[in-house]
């Protein structure tokens, strides 16, 4: 929880009032975190306060550092998927599929069109779930609990779709190299269509509760702003950059998984403040629904995975009765298939921005080197600059609107 240190503070200064009397201007050191509930994660901010105003801030990260990049050097490629689950766990399918596309680029695997559309549908559902969490929790941090309770049920419903497709809800391990593990079931299709039909009404009502609410606007407008130039200098991507007025979106700039087949807009803000970040994520949910609707309407026929027996697990029933399937199953599970020598980088538009994977292979069964480009780690460095001169309550909503996910911050 928060702790205050008032004793022997070196920042204590002496000022003279207009009457000439002494006035002690005493600065306070405040620990915000690492276990404060309002940080929504395990990281610490050491704030220097002048009364209620923040005059300086310093972050401490690494509380849940798990050495994923080093662990990956001892794992077969397919086992690394479970590590990506635990980065931005609010939208794990995007992490999974970004990693799969990176390996497919190294292996030269061409993914069937149906599998690409299925990936787009699941990634956009994950984006909606991610933004629901960010925006509804931001509302809670300003005192608006009703909207959170109302819209959050749709995040749970999206998790039911995950469960139908892969058997998991949070750490999904969804998909495989070459495509998807299984095709959409009738139940999954029915639930996806229910999201397309039912979520717009709820989004409108949530916006009616929050978007023009005077208290919410006063708490978020002109708070935690950053200019487009500063955001670019820090390496911002995703909604936080677009809120500052830069229309960079990986899905448009470097299309993958057939995103070029879909029509959608890239929303941008003007001030880069907390309110603009909220508006950008809110509009992105509408655009994601638009993409999902197009993908479901035009979902191609055909296989849901590539013909890549060296990397794609055979059907379990075939393993029991087919020797070739048994051999492939054994070699994949035991990690006995070497990857080609190569160096690749692939990025996707994650819930928080450009999520990238730099993979260096020396021809072995594990990466020689793997580097994750984690949006949270990059833009969190700007947090002290964004909150200087604001109050403690402003710092809380600024952090919330940036959507700093501890699992992605510390890998």
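Residue numbers (UniProt numbering): 1 to 411.
Beta carbons are placed, not taken as given, at the ideal position from N, Cα and C, and that holds for glycine.
Item, Value
"Whole-angstrom distance between residue 401 and residue 138, CA atom to CA atom", "6 Å"
"Option nearest residue 233 by Cα separation, candidates 352, 192 and 381", "381"
"Pick from 373, 101, 396 and 345 that is closest to residue 274, judged by C-alpha positions", "396"
"Exposed unless 16 or more other CB atoms sit within 10 angstroms - verdict on residue 170", "exposed"
"Whole-angstrom C-beta distance between residue 133 and residue 166, which should lie under 8 Å", "Going by Cβ atoms, the distance from residue 166 to residue 133 rounds to 20 Å, so no, they are not a contact pair."
"Neighbourhood of residue 181 by C-beta distance below 7 Å, restricted to the same chain and skipping five residues each side", "166 and 175"
"Beta-ladder partner(s) of residue 345, from DSSP", "358"
"Cβ shell of residue 309 (< 7 Å), same chain only, five flanking positions each side left out", "328"
"Rounded C-alpha distance that separates residue 135 from residue 59", "23 Å"
"Sufficient close CB pairs (3 or more, under 8 Å) joining the stretch 363–374 to the stretch 68–86", "yes"
"Counterpart residues of residue 49 in DSSP-defined beta bridges", "28 and 54"
"6 Å Cβ shell around residue 114 - same chain, five flanking residues per side excluded", "300, 302 and 304"
"Residue 373 - DSSP class collapsed to helix/strand/coil", "strand"
"Alpha helix (DSSP H) segment containing residue 198, residue limits", "186–210"
"Residue of 399, 187 and 52 minimising C-alpha distance to residue 28", "52"
"The stretch 98–105 in contact with the stretch 386–396 per 3-pair CB rule at 8 Å", "no"
"Coarse secondary structure for residue 350, derived from DSSP in three states", "strand"
"Where residue 65 sits in the DSSP three-state scheme", "coil"
"When 220, 377, 237 and 195 are compared against residue 291, the one with the closest alpha-carbon", "195"
"Extent of the continuous alpha helix (DSSP H) to which residue 324 belongs", "323–333"
"Residue 40 to residue 286 span [Cα, whole Å]", "25 Å"
"Within the stretch 234–261, ranges of the beta strand (DSSP E) (whole runs, at least 3 residues)", "none"
"Reduced DSSP category for residue 5 - H, G, I as helix; E, B as strand; rest coil", "Interpretation of residue 5 is limited by its pLDDT of 42, a score under 50 that renders its predicted location unreliable; the figure taken from the coordinates is listed afterwards. It is a strand residue."
"Residue 1 versus residue 384 - alpha carbon distance", "Per-residue confidence for residue 1 stands at a pLDDT of 41, beneath the threshold of 50, marking its modelled position as unreliable; no derived number is given."
"Cβ pair count under 8 Å reaching 3, the stretch 151–159 against the stretch 193–208", "yes"
"Spatially closest choice to residue 289 from 240, 124 and 226, by CA coordinates", "124"
"Minimum C-alpha distance to residue 261 - residue among 34, 199, 294 and 33", "294"
"CB-CB length for residue 284 against residue 127, believed under 8 Å", "7 Å"
"Whole-angstrom distance between residue 337 and residue 279, CA atom to CA atom", "47 Å"
"Own chain residues within Cβ distance below 6 Å of residue 236, not counting five before or after", "379"
"Reduced DSSP secondary structure (H/G/I, E/B, other) of residue 274", "helix"
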